[in-house]
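>
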Amino acid sequence: MSRLPLIGLTACSDQVGLQGCHTRGDPFVRAVESTAQSVPLIILSLAQRFEPSVILDSTDGLLFSGASSHAEQPVHGGTANAPGTAHDRERYLITLRRTRTCCRWTRVTFWRALSRRKRAKQRDSDALSNT
């Protein structure tokens, strides 16, 4: 029997009560399991502890889900996020490091933030057409 592909999902760093946690939303986990027919693997936000190649060499693909918590715009010369925007520095750093490595990686990588941006542009375009 052939094995199912192993798809890594980036986790968020969160606080639940007194404990720090690594979390990933159920819709992403289920999408990898059912739509991609793959085994989801939640990748912890331990940016400073592992080289990206440790994860990349162990998985068949990655899903980087988009979130304002890991888009620290001032780091890239952009304006600050809106007041009250949650930030997840660990997730941001590990996603950024993996992104750089993925540019040289030959496996499947999914970028939810890009597809969401494309849908938003399409929605805005449709709204302008209907006015």
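Each step along the sequence shown adds one to the number in the working numbering, with nothing skipped, and position 123 is 120. Yeah, the Cβ is synthetic: ideal placement off N, Cα and C, and Gly gets one too. All of these numbers come straight from a predicted model, not from anything done at the bench.
1. First and last residue of the alpha helix (DSSP H) that includes aspartate 23?
2. According to DSSP, serine 10 sits in a beta bridge with which residue or residues?
3. Going by CA-CA distance only, name the one from Asp54, Gly58, Phe47, Gly5 that's closest to arginine 21.
4. In the DSSP assignment, what residue or residues form a beta bridge with proline 37?
5. Tell me whether serine -1 is buried or exposed, calling it buried when 16 or more other Cβ atoms sit within 10 Å of its Cβ.
6. Select from Glu30, Thr56, Asp11, Ser31 the residue whose C-alpha is nearest the C-alpha of leucine 43.
7. Which residue marks the beginning of the alpha helix (DSSP H) containing leucine 53, and which one marks its end?
8. Using the Cβ count rule (16 or more neighbours within 10 Å means buried), how would you classify cysteine 9?
9. Applying the criterion that 16 or more other CB atoms from any shown protein chain within 10 Å of the CB defines a buried residue, is leucine 15 buried or exposed?
10. Give the straight-line distance between the Cα atoms of aspartate 133 and threonine 76, rounded to the nearest whole angstrom.
11. Mind checking whether valine 141 and isoleucine 39 have CB atoms under 9 Å apart?
12. Could you tell me if valine 13 is buried or exposed, where buried requires 16 or more neighbouring beta carbons within 10 angstroms of its beta carbon?
13. Can you check whether the CB of alanine 33 is closer than 9 Å to the CB of glycine 17?
By the coordinates alone:
1. Where aspartate 23 is concerned, the enclosing alpha helix (DSSP H) starts and stops at 23 to 27.
2. Residue pairing by DSSP places serine 10 opposite His19 in a beta bridge.
3. Minimum Cα distance to arginine 21 is reached at Gly5.
4. According to DSSP, proline 37 bridges with Ile4.
5. Counting the other CB atoms within 10 Å of its CB gives serine -1 a total below 16, which places it among the exposed residues.
6. Comparing Cα-Cα distances from leucine 43 to each of Glu30, Thr56, Asp11, Ser31, the minimum goes to Asp11.
7. It spans 49 to 53 - the alpha helix (DSSP H) in which leucine 53 sits, taken as one unbroken run.
8. So cysteine 9 counts as buried.
9. With fewer than 16 other Cβ atoms within 10 Å, it is exposed.
10. Outside the displayed span of the chain (-2 to 128) sits residue 133, for which this structure offers no information.
11. Residue 141 is absent from the model: the chain starts at -2 and stops at 128.
12. With fewer than 16 other CB atoms across the displayed protein chains lying within 10 angstroms of its CB, valine 13 is exposed.
13. With contacts defined by Cβ atoms closer than 9 Å, glycine 17 and alanine 33 do not form a contacting pair.
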